[in-house]
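Colleague: Those protein sequence lines, which keep their order, are chains A and B.
For the first sequence, this note's numbering puts the final residue at 1094, and the numbers step up evenly by one.
For the second sequence, this note's numbering puts the final residue at 344, and the numbers step up evenly by one.
Note that the Cβ used here is the ideal one computed from N, Cα and C, for glycine as well.
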Amino acid sequence: MLEHYFPNQLERGIVQCLIAALATLAVMLLARRRAPGLLSEISLAEVRGLVQIFVVGIILAALLRGPAWTSIVVLAGMILAAASIVRKRAKKIPRAFVLALIAIGSGAGAILTVMTVTGVIPLKILTLVPVGSMVIANTMNTQSIFLDRFRGEVVSHVGEIESALALGATPDVAVELYLRAAFRASLIPAVDNIRSLGIVWIPGIMAGMVLSGASPLYAALYQFVVLTTIFSSSALACFVASHLVARRIFSDYSQLLLRA
Amino acid sequence: MISTRHIVECRDLGRELPSEANRFLVKNINFAVESAEVLGVIGPSGAGKSTLLRLINRLDEPTEGSVLFHGQDYRGLDALALRRSIGMVMQRPFLFPGTVAENLAFGPRQQGRALTTSEIDILLSEVGLTGYASRDALTLSGGEAQRVAITRALANQPEVLLLDEPTSALDEASRGSVEQLLEGLIRDRHLTCIWVTHSLEQARTMADRILVLEAGRIKTIGSPAEVLPHA
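#1: Under 8 Å between C-beta atoms, does Glu996(A) make it to chain B?
#2: Hey, does Thr1004(A) have any beta-carbon neighbour from chain B nearer than 8 Å?
#3: Could you say if the segment 127 to 138 of chain B and the segment 168 to 181 of chain B meet the contact criterion of at least three C-beta pairs nearer than 8 Å?
#4: Under the three-state reduction of DSSP, which class applies to Asn141(B): helix, strand or coil?
#5: Could you pull the DSSP bridge partners for Gly200(B) from this structure?
#6: How would you label Leu856(A), buried or exposed, when you count the other beta carbons within 10 angstroms and need 16 or more for buried?
#7: Assuming Pro1075(A) contacts Leu1011(A) (C-beta within less than 8 Å), just tell me the rounded distance between them.
#8: Mind pulling the chain A residues with CB within less than 8 Å of Pro210(B)?
#9: Got a sec: is the Cβ-Cβ distance from Ala192(B) to anything in chain A below 8 Å?
#10: For Arg205(B), return the contacting residues in chain A, with the cut-off set at a CB-CB distance below 7 Å.
#11: Between the segment 300 to 314 of chain B and the segment 143 to 161 of chain B, do three or more beta carbon pairs fall short of 8 Å?
#12: Relative to the ligand SAH, is the shortest distance from any of its heavy atoms to the C-beta of Asp191(B) smaller than 7 Å?
#13: In three-state terms, what does DSSP make of Arg1018(A)?
#14: Can you check which of these residues, Ala1019(A), Val907(A), Thr952(A), Gly1032(A), is closest to Gln977(A) by C-alpha distance?
#15: Which chain A residues sit within Cβ distance under 7 Å of Gly220(B)?
#16: Given this structure, state the Cα-to-Cα distance separating Asn269(B) from Ala214(B), to the nearest angstrom.
#17: What are the start and end residues of the alpha helix (DSSP H) that includes Phe207(B)?
#18: Compare the C-alpha of Phe888(A) against each of Pro1050(A), Glu845(A), Leu960(A), Leu933(A) and name the closest.
#19: Enumerated in chain order, which unbroken segments of the alpha helix (DSSP H) with a length of 4 residues or greater are wholly contained in the segment 134 to 190 of chain B?
#20: CB Leu181(B) to CB Tyr187(B), shorter than 8 Å?
#21: Start and end of the beta strand (DSSP E) containing Val1095(A)?
#22: Buried or exposed: Asn216(B), going by 16 or more other Cβ atoms within 10 Å of its Cβ?
#23: Taking the alpha helix (DSSP H) that Val889(A) falls in, what are its first and last residues?
#24: Does any residue of chain B have a CB that is nearer than 8 Å to the CB of Tyr839(A)?
#25: When the Cα of Ile235(B) is compared with those of Ala218(B), Gly335(B), Glu296(B), which residue comes out closest?
#26: In chain A, which residues lie with their C-beta within 8 Å of the C-beta of Glu174(B)?
#27: What in chain A is Cβ-close to Asn269(B), meaning under 8 Å?
#28: With 8 Å as the threshold, decide whether the Cβ of Val1007(A) is near any Cβ in chain B.
#29: Could you check whether His311(B) and Glu272(B) sit closer than 8 Å to each other, using their CB atoms as the reference points?
#30: For Gln259(B) versus Val1007(A), is the C-beta spacing smaller than 8 Å?
#31: Out of curiosity, what's the CA-to-CA distance linking Leu914(A) and Thr1062(A)?
#32: Less than 7 Å between C-beta atoms, sequence neighbours within five positions excluded: which residues of the same chain meet that for Ser290(B)?
#33: Whose CA, out of Ala1071(A), Arg1029(A), Phe1017(A), Val988(A), lies closest to the CA of Leu1092(A)?
#34: At the level of alpha carbons, what is the spacing between Gln886(A) and Ala910(A)?
#35: Less than 8 Å between the beta carbons of Leu295(B) and Leu341(B), yes or no?
#36: Quick one, which residues of the segment 253 to 268 of chain B are near chain A if we go by CB-CB under 8 Å, in chain order?
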């Protein structure tokens, strides 16, 4: 129907975005009592997301004509932006931006490097940027969940943590249980994505590959590659963060600084 | 003057409210505790009693003065080693997930020492919990859990034990038995204690000296006969 009214692809895309955004707003209006404040947050997030993805579309169109290394610059920029977003979710954790930057940078950076060097992800802008962005975005989400869950676990177990400290435990030992809980919780979505692959959802990249002429079987296998890469990157980033975050919530004298 | 008999000494100890300058949780705290002495700390709610214990255990950092441990400023000591020497029992037990035995073994394990089964059994028999070693710590009653928390602190063999109203969160029936247990342990082991309590009677019977805190400052310190009104 839309094709009839909007034969121009760009105009049609904008209208499709508006309809999709209106659907979310309608749902949030319906559920506003369950999550006060989320309506304005999702509205702002949608406007911001739309502008960003539009700009990225323009940049991608320009980059497609450039050399392959420019994709690394684009991905580095994405890692910076991802760390900035995680920082906002982890406000109570000191120097969360640097923490997230190191974690996402090392997680996504290391895994994408391995995948590119081994030829699993071709060093071409057309593949590296979209696949890389998916990996970085999912790693970012995992980081947000990890740090948010960790903060929640710590503030609800202050007594246990200080009891452990009072018995002479190091900060790392005192928060070990809560790091484990956060690590596990943050990776549940990534695990579920792999578990439900092909049964509950067929991700967009597979549809895109089929549409652009790849064999459906190869596209299916490649989707597995993408999701396991996302998991590896997310898990590595959380592993790195789990070694950095404990130091940030304790003083130099092993005193717990993070409170409700 | 520093006396070598003094295990813990607070010198001009104070802690400013982190959020407000010139407002103190405790200020100008000066006292010393000798070996095998029991110092009772009493005072109204919000007087700074728990803050005082947290400062001595260095769970919080003083903003003024310091604490001397065996005559040495504790800021020059390793905080973890200090806490192994100064045990603390909090108002609530805060046991860790796992068995009672694992809870008892936690402190010694931090020093690289494993408690033997017989050591655990001896500790548990001392607090009337014989046969509890393999019980799930999180399923114990309030009184049992606090007994385990006390034993967990003692398993570290601390030189000083800080008791932050360890019976205040217990029901009436458990409170009496845990208080009796503590009194017995302190007498039998000749423990050096700083015991924050709401009970004047407990302070009168157990403490060698009593420190009264009011609005973060020491109001008075002396023997029970000097400090407490005669019953």
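Modeller: The relevant details are as follows:
#1: yes
#2: yes
#3: yes
#4: strand
#5: Leu274(B)
#6: exposed
#7: Per the sequence shown, residue 1075(A) should be read as Ala rather than Pro. Not really, about 16 Å apart at Cβ, beyond 8 Å.
#8: Leu1011
#9: yes
#10: Gly993
#11: yes
#12: What this structure holds is no ligand at all, so the ligand SAH is not there to describe.
#13: helix
#14: Ala1019(A)
#15: Leu1001, Gly1002
#16: 13 Å
#17: Phe207(B) -> no alpha helix (DSSP H), and no H or E assigned at all.
#18: Glu845(A)
#19: 162 to 169
#20: yes
#21: This structure cannot settle anything about residue 1095(A), because the visible part of chain A is limited to 835 through 1094.
#22: buried
#23: 872 to 897
#24: no
#25: Ala218(B)
#26: Ser1085, Tyr1087, Gln1089
#27: Leu1001, Gly1002
#28: yes
#29: no
#30: no
#31: 23 Å
#32: Gly256
#33: Val988(A)
#34: 16 Å
#35: no
#36: Ala262, Arg265, Ala266
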